[in-house]
Amino acid sequence: MTATILNGKKLAQAIREKLKLEISKQNITPQLAVVIIGNDAASSIYVHSKEKACLEVGIKATTYHLETTITTQDLINLITKLNNDTNVNGILVQLPLPAHLNTQEILSQIDPQKDVDGFTALNVGLTLQKHPQAFIPCTPKGILRLIKEVHSDLNGLNAVVVGRSQIVGIPTAHLLLNSNCTVTIAHSKTKDLANICQKADILIASVGKANFFSKEYIKEGATVIDVGINRTENGITGDVKYEEVIEKAGYITPVPGGVGPMTIAMLLENTYEAYLKQKQL
Ligand code: GUN
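Our numbering applies: residue 446 is where the sequence shown begins, and numbers increase by one.
Encoded structure:
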């Protein structure tokens with residue numbers, strides 16, 4: 446079997462075009478504040494892509510590029526200012542933060558109504574509750590959107606999520622559970638990982654290790670979602686050994702062009718939704 450490619454770039458483009466149309470029809474300009482600290486090369490590339498995508502759909506992005514030496518208090522002061530600025534609809538603090546900053550303490554300062562990343566405790570809870578007002582984290586939301594393109598019915602499917610990060614693994618597992626999948630969360634301490642993965646109708650690969658998942662991990666015909674973005678000497682590769690897994694899977698996301706563009710499209714969608722909620726439209 447050769448897998449069908451789940452083209453995240455194409456789906457993301459369609460979502461962006463729809464958003465662009467909605468925003469121009471309503472003659473509005475939602476605003477996103479992006480906070481980036483330090484000079485991490487990968488973070489700078491991601492932020493640049495987010496700014497470019499905002500511009501393209503008619504969202505105004507304002508980036509605050511701060512020194513690595515910033516104190517927790519100064520960062521909290523900036524977030525408070527952005528919370529109180531009625532022109533700002535969404536706030537994104539690019540992760541990871543430098544080691545001296547307490548990520549949870551800082552993210553918890555963001556007004557949940559502007560938390561377009563869905564990282565505050567309130568939005569985490571609302572996501573678990575399947576609450577319509579929840580801001581769902583962008584990567585998990587994009588992953589579910591991709592999966593639903595090819596699985597109209599997720600009832601009872603075995604989903605295995607490998608990786609338990611707060612940003613990807615845990616929220617993705619909850620979204621799959623809320624869609625009636627039978628969900629297993631595996632991680633670096635899991636025993637006999639290949640055996641568990643082989644039972645997955647849907648495999649979410651999110652371990653951050655280049656080419657980790659060989660065909661021995663894959664059930665014939667499975668849907669394989671590769672969340673990895675690993676910089677290697679051969680360029681960017683995912684967590685999945687694409688060339689061999691494509692011969693066994695039913696559907697597979699490429700890297701690049703799979704989950705990455707969907708994350709950005711979901712950020713735009715969340716920012717637009719934040720605007721509508723704040724203006725009570
Ligand atoms: N770093 C990697 N992914 C993300 C994301 O989705 N949001 C933020 N804020 N930082 C990230």
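Note that beta-carbon positions come from the ideal geometry of N, C-alpha and C, so glycine has one too.
Secondary-structure assignment with DSSP links Ala478 through a beta bridge to Thr507, Ile536. For Ile647, the beta-bridge partners assigned by DSSP are Ala604, Thr668. Ile490 sits away from Leu542, with the two beta carbons spaced by 7 Å or more. At the C-beta level, Ala694 and Asp671 stay beyond 7 Å of one another. C-alpha of Ser488 to C-alpha of Lys465: approximately 25 Å in a straight line.
Set against 6 Å, the gap from the CB of Asp671 to the closest heavy atom of the ligand GUN is not smaller. Asn532 places its beta carbon less than 7 Å from that of Gln476. Excluding its 5 nearest sequence neighbours in each direction, Tyr696 has C-beta neighbours in its own chain below 6 Å: Ala448, Thr449, Leu451, Val595, Thr668, listed in chain order. For the ligand GUN, a non-hydrogen atom lies closer than 6 Å to the CB of Asp562. Within the same chain, Arg461, Leu464, Lys465, Ile468, Leu713 come within 7 Å of Val502 by CB-CB distance, once the 5 residues on both sides are set aside.
Beta-bridge partners of Arg676 (DSSP): Ile681.
Per DSSP, Ile663 lies in no alpha helix (DSSP H) and is assigned neither H nor E.
Note: Thr627 is bridge-paired with Asn603 in the DSSP secondary-structure output.
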